Amino acid sequence: MEKNPLKESDLLFPTSTLSLSTTLSSLKRSALSITNRLSSITSDSQFVQRVSDAYNLPLIANERCGSWYIPPSLKAESAYFKSTDGHMGEWGFSLRRVNLQVLKVVGERGGAVIVDSTRRGKSMPDALSKTIPIWCCVMNRALFPELLGEAHELYTPPQAVSQSEHAQIEGRIAGFVDRFLEVCRPDVEGLRGWVGKPLRPIWVTQMSSLPTEKPVFADFHPVVLCTASRRVRGAEGSEGGYVQGAADDHEAWARGLTPSIFWGNKERLLGTNEEELPDVIAELVGEEGEKGADAVPILIQPTKSLYVSTMRNVDLDGFDVVISCGPEPLTTSDAEAVKGKKYLHLRCQNGKLGSRDLRAQLAYLDPFVSSLPSTQAQHLGKVLVCCPTGKDLSVGVALAILCQYTDDEGVVWKEKRDRKFNKTFIKQRLAWLTTTDPSLNPPRGTLQSVNAVLMPNTSASCTTPLPSPPSNPTNQAAKLFSSLENASKPWTFTRTLTSELPTHPSGTVTGTATFTPFSSTSSPDTPLTTLLYSEEGDFVTSTGLRFTVRRKYIYQLKQKSADSDNNKNERERKGEEESHIAVYFHDDNQDSDKAKGNFGGLFVEMGKLEFSASEDDECVLEAKNRERHLCAEDLYSASWRFGGGMFAQGNGDGKEEGNREAKEDKWWEVRYDVKGPKKDYVSETRYTRV
C-alpha cells in the first residue's frame, strides 16, 4: 500500500493568526511563578538525595542548573557538561570543558551522581543522554587504551538515543580521543591513578526503580546521571503547579536569586506569598552583595607562581607582580603591603565591553614585563592577575602570560618564549586553566581578544571576530542569501522535533532541501531577491511511525530602498543592516511563473545579524526573528546560526577569507520555539553542504 505523503505544514506552522494580546491572554503563565518553581525545586531535590543515598555516592552538580537541586553541604563538586555538545548532528567533546575534576571525585568515592534537569517534556537533557556518555567513552579509551570490549563501548540510553544516532556518535569517538590527547596533553598515568578502572554511565529518572541496597560494580565506576525533574505530559508546569526543569534558565525568572541564597533562606522564601516574594528576593540578594566574598587566589597548574583571583579585599602580601583588570585600579590603605611590588592596571569595562577593551589593553603587557628589574633566575616571581569576577578578564591575561612567557614545564620567564602561536597551542594553554579549576573558562569574547593579540596577522573578521559587530555590516544578509541558492547541489538536513503535546508527534526528519529562483523574470545579470525553498524528508516519530514530509517556503531578500549617503551613514551608526531576509508561506495554488510578490502570509523575518564563534573558533553569524509570529493561538520564536562558509568572500587574489587552516564548511541552523495551548514544541534543523 502506497504511503500518503504527510506535509509537515499539517503538523507545523498553520497560517491563521490572532492578535498578540489574544494569544498572551490565553497562556497561563501563573503556573510558572517563582513560588511554584521554588516548590518544584525543593520537591525534586528530595528525589536527588534519595538517589545519592541509594547508590551511596556523592552528588555533582552539572552547572548551572544542577546546583539548585543540591544543598551546598551535600555538593561534592561542580561539572560543566553542555547539552549543546549532545544536540543532533552537533555531538562533540569539548576541549574547554574536559571536567577532569569529576574523575578525582569518582576515583575517591567509587563513582558519583551527576545532577541536571530539563524542560519541555523531555525525559532527560542531552547533557545526560549524550554529552556525558561521550565524555565517559573518551576518558575510558584515553586512559585505558589496553582494555578492549565493554571498557571502550559507547553507552547511551535507548529510550532517548536511537540506534542510528548512537552509531553516528560512535563514529566520532576516535577523533575526540585523538584531539583530547593532542591538545590537552593530559597526565594519563596520573589520571589512571585517580580512577583505577573505567567509567560507565547509568541513567536515573523519577520513573526509575532505585536499588534497596548499595550496588557493587566490580569492573567499572558508576557515573549515575540523574534527571532531577519528573516529566510532565502536556503544557509546561500544568500538573498542580509543578514545573518541570524549574531551575533551568534561572536568569529569566530568579531576579538575582542564586542556589546558595536559596538554600540559605529556603524556609523564608517558601513561606513568602507570591506578591511579596520579589521584594524579599531583592533584600536577600542585596545583603549577599554587601557581604561578598574576599578574594582567594588560585594557583594555575602546572606553574608554581601564576595566580588569578577576584579583586575584593585581595591580599597582595607575597606577590611580586600584580596585574589588575577593571574600570578602576586597585586601592589599598596598607602602604607597606605594596612596597617593592610591580603593578600594572589594564583599564577595561565590565562585561562584554571589557572583553573588547582587553584587546587593546593587552598591548601594555609586553612593555610592562620588559621594564621589570632583572633577577638572577630571570623568572617573574609570584604573579597575581585579578579582575572583578576572577573568571573573565584576569583569566584572559593569565592565558596570554601562559602563551608568551611560560615554558612547557610551567616556569614563567621574564623574556618571551620563542614560539609561533596557533589555535592548538592556545587551546593547550587554556587547558591548563580549565583543568586547574573548571570555572576558569573565560567568555568567548575574552578568548577572541587574546587570540587576536597572539595571532595578529590572521584574516580579520571570521577567525577572531570582535565582540561587537563590525562598524559596517556591509550587508551580511545579502551574502547569506546568495549562499543559500543551490539549484544543482541540494542541502542535506536533520531536524529534531521535541513536542510536549501528544497531538503533535516528536521525532527526527532527515532529507534534502533546495533553494531555486522563484520568479521567471529573474535574470542572471541581476541579483536574486526571491528563492523558493523546497524540502523532502523522512519523518520518523518517537513512537516508530514513518512518514514522507514535504514543504515549501518563499525566502526574500528585503533590500533597503535607494538612500542618500547621509542616511546610509546614520544606519551604520545605529548598527542597522542594509537588508534582511524574510520568510513567507508558500501558497500551492500560486503559479510561480507569474508570482511577483503575491506570496502567502509572512512567517518570520530575520533580525539583526551579529558575530559570534563556534567551539572551534569558526566565525558564526547569529540572528533572532524581528517579532514573534502568531499562528492561531500559538506563539513562534525563531533563531538562526550561519557558519563562516556561508559569508566568507574572496579577497581578489583567488583566496577565500575565513578559516586560516582550511576552507570552512557551509552550514546553517534554524530553531523554532512554539508555545501555546495548541502547540508546545521545539524544532531544530541543521543544514550542511561542504
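For the sequence shown, position 231 matches number 212 in this note's numbering, and the numbering has no gaps at all.
Cβ coordinates follow ideal geometry from the N, Cα and C atoms, glycine included.
Given the structure is predicted, the values throughout are model-derived calculations rather than measurements.
- In angstroms with no decimal places, state the Cα-to-Cα distance between K656 and N606. By one-based count along the sequence shown, residue 656 stands at place 675. By one-based count along the sequence shown, residue 606 stands at place 625. Looking at the two C-alpha atoms, the distance is approximately 15 angstroms.
- Ignore the nearest five residues each way along the sequence and tell me which others in G226's own chain have a CB closer than 6 angstroms to its CB. Sequence index remark: in the sequence shown, residue 226 carries index 245 (1-based). S98, T99, R100, S210, listed in sequence order.
- Beta-ladder partner(s) of Q537, from DSSP: One-based indexing of the sequence shown puts residue 537 at position 556. Bridge partners of Q537: T511, A563.
- Message: Spatial neighbours of E269 within its chain, please: C-beta separation below 7 angstroms, excluding the five flanking residues on both sides.
- Response: Your numbering for residue 269 matches position 288 in the sequence shown. Contacts found: I242.
- Message: Please report the distance separating the alpha-carbon of F349 from that of G626.
- Response: Position 368 of the sequence shown, counting from 1, holds the residue named residue 349. Position 645 of the sequence shown, counting from 1, holds the residue named residue 626. C-alpha separation (whole angstroms): 40 angstroms.
- Query: For G657, which three-state DSSP category applies?
  - Reply: Here residue 657 refers to the residue found at position 676 when the sequence shown is read from its first residue. Three-state DSSP puts G657 in coil, outside helix and strand.
- Query: Between I22, D418, I407, K63, which lies nearest to S430 when the distance is taken from Cα to Cα?
  - Reply: Position 449 of the sequence shown, counted from the start, is the residue given in the question as residue 430. Of the listed residues, the one whose Cα sits closest to S430 is I407.
- Query: Who are the Cβ neighbours of P259 in its own chain at under 8 angstroms, not counting the five residues just before and after it?
  - Reply: Taking the first residue of the sequence shown as position 1, residue 259 is located at position 278. Correct list, in chain order: I15, R236.
- Query: Is N422 helix, strand or coil by DSSP?
  - Reply: Numbered from its first residue, the sequence shown carries residue 422 at position 441. The answer is coil: DSSP assigns N422 none of H, G, I, E or B.
- Item | First through last residue of the alpha helix (DSSP H) which encompasses P348 | Counting from one through the sequence shown, the residue named residue 348 turns up at place 367. Segment 346 to 352, the alpha helix (DSSP H) holding P348.
- Task: Could you tell me the distance, in whole angstroms, from the CA atom of Y662 to the CA atom of M105?
- Result: As a working note, residue 662 is residue 681 in the sequence shown. As a working note, residue 105 is residue 124 in the sequence shown. Their Cα atoms are separated by approximately 15 angstroms.
- Item | Inter-stretch contact at 8 angstroms, needing at least 3 Cβ pairs: the region 519 to 537 / the region 478 to 488 | yes
- Item | Same chain only: Cβ atoms within 7 angstroms of D275, ignoring 5 sequence neighbours per side | As a first step, residue 275 must be located in the sequence shown, where it is residue number 294. Taken in chain order, the residues that qualify are R293, N294.
- Query: Given that a residue counts as buried once 16 or more other Cβ atoms are within 10 Å of its Cβ, and exposed if not, what is Q537?
  - Reply: Stepping through the sequence shown from its first residue, residue 537 is reached at position 556. When all chains shown are included, Q537 counts as buried.
- Task: For M188, count neighbouring Cβ atoms within 10 angstroms of its own Cβ and tell me buried if that reaches 16, exposed if not.
- Result: Working through the sequence shown from its first residue, we reach residue 188 at position 207. Classification of M188: exposed, given that the 10 Å Cβ count is below 16.
- Message: Here's the rule I'm using: 16 or more other beta-carbon atoms within 10 Å means buried, otherwise exposed. How should A459 be labelled?
- Response: Stepping through the sequence shown from its first residue, residue 459 is reached at position 478. Buried, because 16 or more other Cβ atoms sit within 10 Å of the Cβ of A459.
- Query: What does DSSP give as the partner residues of Y324 in its beta bridges?
  - Reply: Reading the sequence shown from its first residue, position 343 is the one you call residue 324. BP columns for Y324 point to V303.
- Item | Euclidean distance between Cα positions of F125 and R173 | Here residue 125 corresponds to residue number 144 of the sequence shown, with the count starting at 1. Here residue 173 corresponds to residue number 192 of the sequence shown, with the count starting at 1. For F125 and R173, the distance between alpha carbons rounds to 8 angstroms.
- Message: Please state whether the Cβ-Cβ distance between P114 and P182 is less than 8 angstroms.
- Response: Here residue 114 refers to the residue found at position 133 of the sequence shown. Here residue 182 refers to the residue found at position 201 of the sequence shown. Against a cut-off of 8 angstroms, the Cβ pair of P182 and P114 comes out as a contact.
- Query: What number of angstroms, rounded off, separates the C-alpha of G67 from the C-alpha of G299?
  - Reply: Reading the sequence shown from its first residue, position 86 is the one you call residue 67. Reading the sequence shown from its first residue, position 318 is the one you call residue 299. Taking the straight line from one Cα to the other gives about 44 angstroms.
- Message: Against chain D, does R153 count as a neighbour if the rule is that its beta carbon must be under 8 angstroms from one of theirs?
- Response: The structure shown contains no chain D, having only a single protein chain.
- Query: Between the beta-carbon of V393 and the beta-carbon of I382, is there less than 8 angstroms?
  - Reply: Sequence index remark: in the sequence shown, residue 393 carries index 412 (1-based). Sequence index remark: in the sequence shown, residue 382 carries index 401 (1-based). Yes, they are a contact pair.
- Message: In whole angstroms, give me the CA-to-CA distance for T445 and S110.
- Response: On the sequence shown, position 464 is the one that residue 445 refers to. On the sequence shown, position 129 is the one that residue 110 refers to. Legend: pLDDT at T445 = 40, less than 50; position of this residue unreliable, no value from coordinates given.
- Taking the C-alpha atoms as reference points, what is the distance between L380 and W72? As a position in the sequence shown, residue 380 is number 399, starting the count at 1. As a position in the sequence shown, residue 72 is number 91, starting the count at 1. Roughly 27 angstroms separates the two Cα atoms.
- Query: Are N37 and V96 close, meaning C-beta to C-beta below 8 angstroms?
  - Reply: Position 56 of the sequence shown holds residue 37. Position 115 of the sequence shown holds residue 96. Cβ distance not < 8 angstroms, so N37 and V96 don't count as in contact.
- Item | Reduced DSSP category for M587 - H, G, I as helix; E, B as strand; rest coil | Here residue 587 is taken as the residue at index 606 of the sequence shown, counted from 1. In the structure shown, M587 sits in a strand (DSSP, three-state: E or B).
- Measure the CB-CB distance between A123 and V169 and report whether it falls below 8 angstroms. In the sequence shown, residue 123 corresponds to position 142, counting from 1. In the sequence shown, residue 169 corresponds to position 188, counting from 1. Yes, the pair counts as a contact, with Cβ atoms nearer than the cut-off.
- Message: In this structure, how does DSSP classify Y50 when only helix, strand and coil are distinguished?
- Response: Taking the first residue of the sequence shown as 1, we reach residue 50 at position 69. Helix, per DSSP.
- Consult DSSP for C368 and reduce its assignment to one of helix, strand or coil. As a working mapping, residue 368 is identified with position 387 in the sequence shown. Three-state DSSP puts C368 in coil, outside helix and strand.
- Message: If you reduce the DSSP assignment to three classes, tell me which class G171 lands in.
- Response: Your numbering for residue 171 matches position 190 in the sequence shown. The answer is helix: DSSP assigns G171 an H, G or I state.
- Query: How would you write the range of the beta strand (DSSP E) that F496 sits in, first residue to last?
  - Reply: Start at 1 with the first residue of the sequence shown, and residue 496 comes out as number 515. 488 to 498 is the extent of the beta strand (DSSP E) around F496.
- For E157 versus P179, is the C-beta spacing smaller than 8 angstroms? Translated into the one-based positions of the sequence shown, residue 157 becomes position 176. Translated into the one-based positions of the sequence shown, residue 179 becomes position 198. The residue asked about is misnamed: residue 157 is Phe in this sequence, not Glu. No. Outside cutoff.
- By Cβ distance, which residues of its chain are closer than 8 angstroms to G426, with the 5 residues on each side in sequence left out? Within the sequence shown, numbered from 1, the residue matching residue 426 stands at position 445. Answer for G426: K333, S336, R337, P448, listed in chain order.
- Cβ neighbours of Q82 in the same chain (closer than 7 angstroms, five flanking residues each side left out): The residue you call residue 82 lines up with position 101 of the sequence shown. For Q82, where only same-chain residues beyond five positions count, the Cβ hits under 7 angstroms are E58, P419.
- Excluding the five sequence neighbours on either side, which residues of its own chain have a C-beta within less than 6 angstroms of the C-beta of C714, listed in chain order? It is not possible to answer for residue 714, since the shown part of the chain is limited to -18 through 671.
- Message: I'd like the list of long-range same chain contacts for A132, defined as Cβ closer than 7 angstroms, with 5 residues on each side in sequence excluded.
- Response: Here the question's residue 132 lines up with position 151 in the sequence shown. Contacts found: N121, F125, P179.
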